[in-house]
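Participant:
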Amino acid sequence: MEERGSRMGNDSAVVVGAGIGGLCAAIGLRRRGWSVLVLERTPTFGEVGAGLTLMANGLRGLDALGVGADVRAAGQVDAPGGVRTSTGRWISRVDGAAMTRLLGTAAVGIHRATLHRILRAALPAEAVLTGAEVVDVAPGPPPRVTYRHDGRDIAVEAGLVVAADGINSVVRAGLWPDQPPPVYSGSTAWRAVAPQPAGGEVATSISWGPGAEFGVVPLGDGRVYWYGAVNADAGQVFAGGDEMRAVRDRFGAWHQPIPALLDATDAGAVIRTDLYHLATPLPSYRAGAVALLGDAAHAMTPNLGQGANQAIEDATVLAAVCAPSDDVVAALAAYDAQRRPRSQEVARAALQIARFGQQLSNPVAVGLRNTMMRLTPPRVALRSMARHADWNPPAIPAAER
Numbered sequence: 002m003e004e005r006g007s008r009m010g011n012d013s014a015v016v017v018g019a020g021i022g023g024l025c026a027a028i029g030l031r032r033r034g035w036s037v038l039v040l041e042r043t044p045t046f047g048e049v050g051a052g053l054t055l056m057a058n059g060l061r062g063l064d065a066l067g068v069g070a071d072v073r074a075a076g077q078v079d080a081p082g083g084v085r086t087s088t089g090r091w092i093s094r095v096d097g098a099a100m101t102r103l104l105g106t107a108a109v110g111i112h113r114a115t116l117h118r119i120l121r122a123a124l125p126a127e128a129v130l131t132g133a134e135v136v137d138v139a140p141g142p143p144p145r146v147t148y149r150h151d152g153r154d155i156a157v158e159a160g161l162v163v164a165a166d167g168i169n170s171v172v173r174a175g176l177w178p179d180q181p182p183p184v185y186s187g188s189t190a191w192r193a194v195a196p197q198p199a200g201g202e203v204a205t206s207i208s209w210g211p212g213a214e215f216g217v218v219p220l221g222d223g224r225v226y227w228y229g230a231v232n233a234d235a236g237q238v239f240a241g242g243d244e245m246r247a248v249r250d251r252f253g254a255w256h257q258p259i260p261a262l263l264d265a266t267d268a269g270a271v272i273r274t275d276l277y278h279l280a281t282p283l284p285s286y287r288a289g290a291v292a293l294l295g296d297a298a299h300a301m302t303p304n305l306g307q308g309a310n311q312a313i314e315d316a317t318v319l320a321a322v323c324a325p326s327d328d329v330v331a332a333l334a335a336y337d338a339q340r341r342p343r344s345q346e347v348a349r350a351a352l353q354i355a356r357f358g359q360q361l362s363n364p365v366a367v368g369l370r371n372t373m374m375r376l377t378p379p380r381v382a383l384r385s386m387a388r389h390a391d392w393n394p395p396a397i398p399a400a401e402r
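Our numbering puts the sequence shown at residues 2 to 402.
1. Under 8 Å between the Cβ atoms of Val171 and Val135?
2. In whole angstroms, what separates the C-alpha of Glu3 from that of Gly18?
3. Just verifying my parser: in three-state terms, what is the DSSP assignment at Phe252?
4. Going by alpha carbons, who is nearest to Ile313 out of Ala26, Asp12, Ala164, Val15?
5. From Thr302 to Pro182, what does the alpha carbon distance come to, in whole angstroms?
6. Rank Thr86, Arg343, Gln307 by C-alpha distance to the C-alpha of Ser206 and give the top, closest one.
7. Would you kindly work out how many angstroms separate the C-alpha atoms of Val15 and Asp296, rounded to a whole number?
8. Answer with buried or exposed for Arg388, where buried requires no fewer than 16 other C-beta atoms within 10 angstroms of its C-beta.
9. In the DSSP assignment, find the beta strand (DSSP E) that holds Pro196 and state where it starts and stops.
10. Mind checking Thr281: buried by the 16 CB within 10 Å criterion, or exposed?
11. Is the beta carbon of Arg32 less than 8 Å from the beta carbon of Gly67?
12. Taking the CB atoms as reference points, tell me whether Leu38 and Leu120 lie closer together than 8 Å.
13. Which whole runs of the beta strand (DSSP E) in the region 268-318 are 3 residues long or more, in chain order?
14. Could you tell me whether the Cβ atoms of Ser188 and Ala348 are closer together than 8 Å?
15. What is the rounded straight-line gap between the Cα of Asp267 and the Cα of Arg192?
16. Go ahead and label Ala70 buried or exposed: buried means 16 or more other beta carbons lie within 10 angstroms of its beta carbon, across all protein chains shown.
17. Exposed or buried, Leu369, counting other C-beta atoms within 10 Å across all chains shown (16 or more means buried)?
18. Skipping 5 residues on each side, what residues in its chain have a beta carbon closer than 7 Å to that of Pro142?
19. So within the region 88-125, which uninterrupted beta strand (DSSP E) runs reach at least 3 residues, ignoring any that extend past its ends?
20. Could you please give me the residues that DSSP links to Asn393 through a beta bridge?
21. Just to confirm, is the Cβ distance from Gly358 to Asn304 under 8 Å?
22. According to DSSP, which residues form a beta bridge with Ala219?
23. For Leu1, which residues from the same chain have a beta carbon less than 8 Å from its beta carbon, with the 5 sequence-adjacent residues on both sides left out?
24. Return the CA-CA distance between Gln339 and Thr43, expressed in angstroms with no decimal places.
25. In whole angstroms, what separates the C-alpha of Leu383 from that of Leu60?
26. Going along the chain, which residues of its own chain have a beta-carbon closer than 6 Å to the beta-carbon of Asn322, five neighbours each way excluded?
27. So, helix, strand or coil for Asn232, using DSSP?
28. Alpha carbon to alpha carbon, how far is Gly216 from Gly210? Give it in angstroms, no decimals.
29. Do you know how far the Cα of Gly10 is from the Cα of Gly160?
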């Protein structure tokens, strides 16, 4: 293969990965005056059947990046919900109005592909290169990225590299070769998007059974995202590989609207994923002039719904501390100092919630947990739920054009 190299300039940044965190980083860095190239391994962007909830912290980060209004308009403000048992009995209710008063903004449910389209639209088309597989990153400074595109290896030098290439980050593995890989959490999850069933509004909620959880998130476009998670061995095969049948076997007798959602779901659209996380925290989120961001830096279990929100926080802080005229190494040290403690604390909390919630299977322990939650005063429960979403972004100074 032919390799060619080029120097992009000190004011150029390469972002590895065009997921939510990578695109947010590209948007923020462009606001600061960086010339940005996003390298995405996949050849095209697909419609992955998944949704997410943007909490107050993520929405504030998107506001700082200039796309918050578009995201709110495309999603659905969470209807009051809470936590239920598999029979439908409420364990804990969420007062949506009180949560909004406490945090200053409501949470928003949105399809992941819709959010992705909004973020891509905030960037010039030429800023995102698909079908570009990064094979090596040298941290520098100046950092050097080698990627494969159209059968050729291309090497470029830039002023900054942002690794947002996910839980199985090639960049992280190359720069921290002794870091343990992601580990299995003990849970597997099915997920899909279905038309909203007839019979009234569906509320954002989580339902718990022994060693199992079913979550529902309205998306604001006539569809509902759902997921079901259970304790399982890694790589376990359910129902002979028929994922829809496996979901029905596990959750089909739970309370409404769960059976109605399963009836409305295209069986071919059901995705199952074993849930992994970075159990050993990274010692740093930067090496030379390379910064790690999102799942590449702190992949966590999904039990707090904070994965995407933490990636947005990362991108916002990175853009705030790093201008093209700055000492990039010093700026990334400031980024690391701000982001690593908070994101790793959130990751630990997500794992604790998994063990207290979905993964709890002993009937006596489940009963004690449910009783404790019912007896918790609403104000205390509300503050506990809001704790990780109570974050305000730094200002991102606009570059002089």
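A virtual CB, placed ideally from N, CA and C, is assigned to each residue, including glycine.
Facilitator: So, to answer that:
1. yes
2. At Glu3, the pLDDT of 42 sits below 50, so the modelled position is not reliable; the number obtained from the coordinates is stated separately. The alpha-carbon of Glu3 is positioned some 23 Å away from that of Gly18.
3. Residue state, collapsed to three classes: helix.
4. Ala26
5. 15 Å
6. Thr86
7. 17 Å
8. exposed
9. 184-196
10. Around the Cβ of Thr281, a 10 Å sphere holds fewer than 16 other Cβ atoms; the residue is exposed.
11. yes
12. no
13. 272-278, 291-293
14. no
15. 11 Å
16. exposed
17. exposed
18. Gly289, Ala290, Val329, Val330
19. 91-94, 109-112
20. None; Asn393 has no bridge partner.
21. yes
22. Looking at the sequence provided, one finds Pro at residue 219 rather than Ala. According to DSSP, Pro219 bridges with Val225.
23. This structure leaves residue 1 out entirely; the chain is present only between 2 and 402.
24. As the crow flies, the alpha-carbon of Gln339 is around 31 Å from that of Thr43.
25. Leu383 and Leu60: Cα-Cα distance of roughly 19 Å.
26. For the record, residue 322 in the displayed sequence is Val; it is not Asn. For Val322, where only same-chain residues beyond five positions count, the Cβ hits under 6 Å are Ala332, Ala335, Tyr336.
27. strand
28. It is roughly 12 Å from the alpha-carbon of Gly210 to the alpha-carbon of Gly216.
29. 6 Å
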